[in-house]
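Structure first, commentary second.
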Amino acid sequence: MQTNDIYQTLGVSPAVLAFGESVLSTLSDRFAAIDANAELGQAKVLAAMQKNRVAAAHFAATTGYGYDDMGRDTLERVYADVFHTEAALVRPQLVCGTHALAVALGANLLPGDELLAVSGKPYDTLEEVIGIRPSPCSLAEYGVRYRQVDLLADGSFDLSGIRAAVNERTKLAHIQRSKGYQTRPTLSVAQIGEAIALLKSINPDIVVMVDNCYGEFVESIEPSDVGADMTVGSLIKNPGGGLAPIGGYIVGTRACVDRCAYRLSAPGLGQEVGANLGLLPALYQGFFLAPTVTAAALRGAVFAAAAYEKLGFRVVPAAAEERHDVIQAIELGSERAMCAFCEGIQRAAPVDSFATPVPAPMPGYDAPVIMAAGAFVQGSSIELSADGPVREPYAVYYQGGLTWPHAKLGVLLSLQKMLDAGLIAF
Ligand SMILES: *Cc1c(COP(=O)(O)O)cnc(C)c1O
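No gaps in the numbering here: position 1 of the sequence shown is 0 in numbering that gives the first Met the number 0, and each next residue is one more.
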């Protein structure tokens, strides 16, 4: 009861609380499945840390060139073991997910090569990396061609379209697991495996890169388990466990990862340089926490989906659907509703709870974006956050929550702001 008293001082009314509890009473089986998967993820990470004999000495800071950085090299082996790959590049010099993806693409595509996106238009910030929207230093400027095969109306791969699009120039195929700022379904690892098998059957030399952002630890397997040559993501999402203050990862074949390392530092230097600057404790501990943090975020996403679906909104994925990433899209139908929802998420934050989010232009995005986040790490979207471009269908993308109780409060306060604005009724 004490908890509910505090909820009221935090701004959650008894009506919203009662609605929330009625929704939650239907979700125990879903939560049990999420927790069982977290247990598997935790075991994978622990086994990799033990196998690689992670020790306190690995947490020491290095500076300068960072030659013989045992901590960095061991962390990369831990990632490679968890993802079952030959090699991994995991470091703060990969400044974000977009950078890791840009390095993976730029390192493995040469002038005249064709990049084929087989899951439709890639994430917004990649449009400038590829040159879909003209940009200095884009792949297009360097003579890399681009082709795209959209997903079918039901969100599955267009296998015959892919077969028709592959040609002798096709060097690298791009697959994006998560929906990004779209309301299509997220792809399952099994579906991704089928597309990879098709691509490799047409030409085994095609390099397949999967943008794995938001997908890590959501399922029992990763794209690297179903044949992806490179699996790429951000450390301020799932695998950083909320503790990594910066970073990205690329796991995959030795050949691909070596090229990425040469692109990231310099030809000849590669993976041997790159001081860890004292960030390794957070990168190790964050990866250790990542499976349970991901589970907390998933519980929040399932709760949000169930609550908003019950109120009549279209949610992607639907409340009962299986999940392949931590993102929950909720089509709210108006700018006003997006603002109310985001205000609720902001009010629940440990940091900047007093701020009110408003839509604003953002580099890399073609519509004003509203973002609610009160994060310890700037822009970290494994921390509780909600955002979305203010355009049809006025969908917010809800994600994160380092703990389940925080995610729960966020969803309750979003409902409260929607109720206060007259946008919902129970
Ligand atoms: C977040 C995200 C990115 C970009 O990652 P940043 O760390 O924001 O640069 C790329 N692709 C997808 C699907 C994402 O969700």
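Ideal placement from N, C-alpha and C gives every residue a C-beta, glycine not left out.
- In terms of side-chain proximity, the C-beta atom of CYS212 is found nearer than 6 angstroms to a non-hydrogen atom of ligand 1.
- At a threshold of 6 angstroms, SER233 counts as near ligand 1, since its beta carbon sits closer than that to one of the ligand's heavy atoms.
- With fewer than 16 neighbouring CB atoms inside 10 Å of its own CB, ALA163 falls in the exposed class.
- Within the model, the alpha-carbon separation for GLY246 versus GLY70 is close to 15 angstroms.
- Bridge partners of VAL89 according to DSSP: TYR248.
- Under the DSSP definition of a beta bridge, GLU330 partners with ARG313 and ALA394.
- Here HIS173 carries a strand assignment [DSSP, helix/strand/coil].
- Collapsing the DSSP output to three states places TYR145 in a strand.
- With a 10 Å radius around the Cβ and a threshold of 16 neighbouring Cβ atoms, PHE425 comes out exposed.
- In this structure ARG183 is buried. Its beta-carbon is surrounded by 16 or more other beta-carbon atoms within 10 angstroms.
- Within 10 angstroms of the beta-carbon of LEU268 lie fewer than 16 other beta-carbons, which makes it exposed.
- For GLU342, the secondary structure class from DSSP, reduced to helix, strand or coil, is helix.
- Residue side-chain check: GLY179 places its Cβ nearer than 6 angstroms to a non-hydrogen atom of ligand 1.
- Runs of the alpha helix (DSSP H) spanning 4 or more residues and lying entirely within the stretch 250 to 312 occur at 253 to 263 and 279 to 309, in chain order.
- For THR97, the CB falls within less than 6 angstroms of some heavy atom of ligand 1.
- Within the same chain, and ignoring the five residues on either side of LEU151 in sequence, the residues whose Cβ sits closer than 6 angstroms to its Cβ are ASP157.
- An exposed status is given to PHE375, since fewer than 16 other beta-carbon atoms sit within 10 Å of its beta-carbon.
- Here the stretch 230 to 240 makes no contact with the stretch 358 to 372; the two share fewer than three CB pairs at distances below 8 angstroms.
- With a 10 Å radius around the Cβ and a threshold of 16 neighbouring Cβ atoms, LEU109 comes out exposed.
- Here the alpha carbon of ILE174 sits roughly 6 angstroms from the alpha carbon of VAL117.
- With contacts defined by Cβ atoms closer than 7 angstroms, ALA347 and LEU412 form a contacting pair.
- Note on ARG390: under 16 other CB atoms within 10 angstroms of its CB, so exposed under the neighbour-count rule.
- Counting the other Cβ atoms within 10 Å of the Cβ of LYS50 gives fewer than 16, which makes it exposed.
- At a Cβ-Cβ threshold of 7 angstroms, GLY40 and PHE216 count as neighbours.
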